[in-house]
Amino acid sequence: MDIDMSALRAVENERGISLDQLVEAIEDALLKAYHNVPGALPKARVEIDKHGHVVVMATEEDEDGNPIGEFDDTPSGFGRIATSVARSMIVQRLREAEDAQVLGEFSDKTGTVVAGRVQQSRNPHIVTVKVGDYEAILPEGEQIPGEKLPHNTLIRAYVVRAVRTEKGARIELSRRHPELVRRLFEREVPELSDGGLKIESIAREAGYRTKIAVKPLQKGVNAKGACIGPMGARVRAVMRDLGGEKIDIIDYSDDMATFVANALSPARVSSVTMASSGEAMAKVLVPDFQLSLAIGREGQNARLAARLTGCKIDIKSDTEELGRPLASSESRPDAHPVNGGGAVDSAE
């Protein structure tokens, strides 16, 4: 009973899988197959010589159970089993080697953005993306709602993770992860990688709108202007990568009242009063004609502002405040008047 050693050597030369490792794996698998044969002895080993000849050597014991030697206990018809096992082990080791290569390639890409082309997929809920020589998946829950991705479309996506599963290596991408926005801006804005500014926080509703708060780290750097770019070129490039998603770029402030006012852009804010208890709660007053803009369609603007600042925001119009005109900010020491609704640019 022989195994084709030339096939194993070809695998070693072409795929870099050690011949000794292949032989050892086949011997282990054959031993398990032997123990499933009726009458198999508990103490045995499988040996494959350099010519591919397979022998099952069982341990001979005396009356006291002490080993006294070995004898050939290769079952009849075991050659067919050996051939099948060898074939399956080669396939398994090749798959493991491919998985290791994929995982090794993407182990340092987790948390980065990659570009790839959309491929056809049998599963309508999962988008397959060809990234270099590898295939990654974009699960339904990580797709931008309503986005159409025809075959061969070039997209950029955030690498969530690369893991080994029962079906092999799996590279998972995301188009709705908030960090995708950060990485896309880092590609377009040199000041982010140079340390001139940073994105302090991000709030995103994928496919609809994103707010990012930017902060200069070097004197003289216009954080907002750098992210917008000449004639809005930089922010528009990011918006294109996100399928036209709207992006608001605002100035971060260590003063929470100012930050909240900025975050509510494009609405103009009259004043912001922070909770005296020290809780992250803000009472915002806006002119009557700005109320719907501050809240946004279905509450989106207020919701994103709250997530961006980490502050609970209660928005009211000037005349809604207790049914009477708002007292002047000078008579309210905890109220912060804001002119022009904060210096906020909105990419429409």
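In UniProt numbering, the protein residues as written are 1 to 348.
Virtual Cβ for every residue (Gly too), placed ideally from N, Cα, C.
Just so we're clear, the structure is a prediction, and the values are computed from it rather than from any experiment.
{"Asked": "With DSSP as the reference, label residue 216 as helix, strand or coil.", "Found": "strand"}
{"Asked": "Got a sec? Which residues, its chain only, sit under 6 Å from residue 206 by beta carbon, not counting five neighbours each side?", "Found": "144, 176"}
{"Asked": "Decide if residue 88 is buried, meaning its Cβ has at least 16 other Cβ atoms within 10 Å, or exposed.", "Found": "exposed"}
{"Asked": "For the structure I just gave you, are there three or more beta carbon pairs, one from the region 11-21 and one from the region 46-55, closer than 8 Å?", "Found": "no"}
{"Asked": "So, at 7 Å on beta carbons, what are the nonlocal neighbours of residue 306 in its own chain, with the 5 sequence-adjacent residues on each side left out?", "Found": "312, 313"}
{"Asked": "Is it right to say residue 224 is buried, meaning 16 or more other beta carbons lie within 10 angstroms of its own, or is it exposed?", "Found": "buried"}
{"Asked": "Cα separation between residue 229 and residue 95?", "Found": "47 Å"}
{"Asked": "Verify whether the separation of the beta carbon atoms of residue 355 and residue 259 is less than 8 Å.", "Found": "There is simply no residue 355 to check, as the chain begins at 1 and stops at 348 in what is shown."}
{"Asked": "In terms of residue numbering, what span does the beta strand (DSSP E) encompassing residue 69 cover?", "Found": "67-72"}
{"Asked": "Distance check for residue 316 and residue 325, CA to CA, integer angstroms please.", "Found": "A caution first: residue 325 carries a pLDDT of 44, below 50, which makes its placement in the model unreliable, though a value can still be read off. Near 12 Å, if we compare the C-alpha coordinates of residue 316 and residue 325."}
{"Asked": "Are there 16 or more other CB atoms within 10 angstroms of the CB of residue 203, so buried, or fewer, so exposed?", "Found": "buried"}
{"Asked": "Only counting runs of 4 or more residues, tell me where the alpha helix (DSSP H) segments fall wholly within the UniProt domain \"NusA-like second KH\" (256-320), in order along the chain.", "Found": "256-263, 291-295, 300-309"}
{"Asked": "Helix, strand or coil: how does DSSP classify residue 341 here?", "Found": "Bear in mind that a pLDDT of 39 at residue 341, under 50, signals an unreliable position, so the model cannot answer this."}
{"Asked": "Taking a contact to mean a Cβ-Cβ separation below 8 Å, would you say residue 26 touches residue 85 in this structure?", "Found": "yes"}
{"Asked": "Mind the definition here: the region 163-173 touches the region 185-205 only if three or more C-beta pairs lie below 8 Å; say whether that holds.", "Found": "no"}
{"Asked": "Is residue 112 helix, strand or coil by DSSP?", "Found": "coil"}
{"Asked": "On the premise that residue 209 lies in contact with residue 304, defined as a C-beta separation below 8 Å, what is that separation, rounded to the nearest angstrom?", "Found": "6 Å"}
{"Asked": "By the 10 Å Cβ neighbour count, where 16 or more other Cβ atoms means buried, how is residue 66 classified, buried or exposed?", "Found": "exposed"}
{"Asked": "So what does DSSP say about residue 12, is it helix, strand or coil?", "Found": "helix"}
{"Asked": "With residue 212 and residue 249 assumed to form a contact (beta carbons below 8 Å), what rounded beta-carbon distance in angstroms separates them?", "Found": "6 Å"}
{"Asked": "Which one of 192, 186, 227 has the shortest CA to CA distance from residue 217?", "Found": "192"}
{"Asked": "Thinking residue 131 and residue 111 are a contact (beta carbons under 8 Å), I'd like their distance in whole angstroms, please.", "Found": "Not a contact, Cβ separation roughly 15 Å."}
{"Asked": "So the beta strand (DSSP E) residue 134 belongs to, where does it begin and stop?", "Found": "134-138"}
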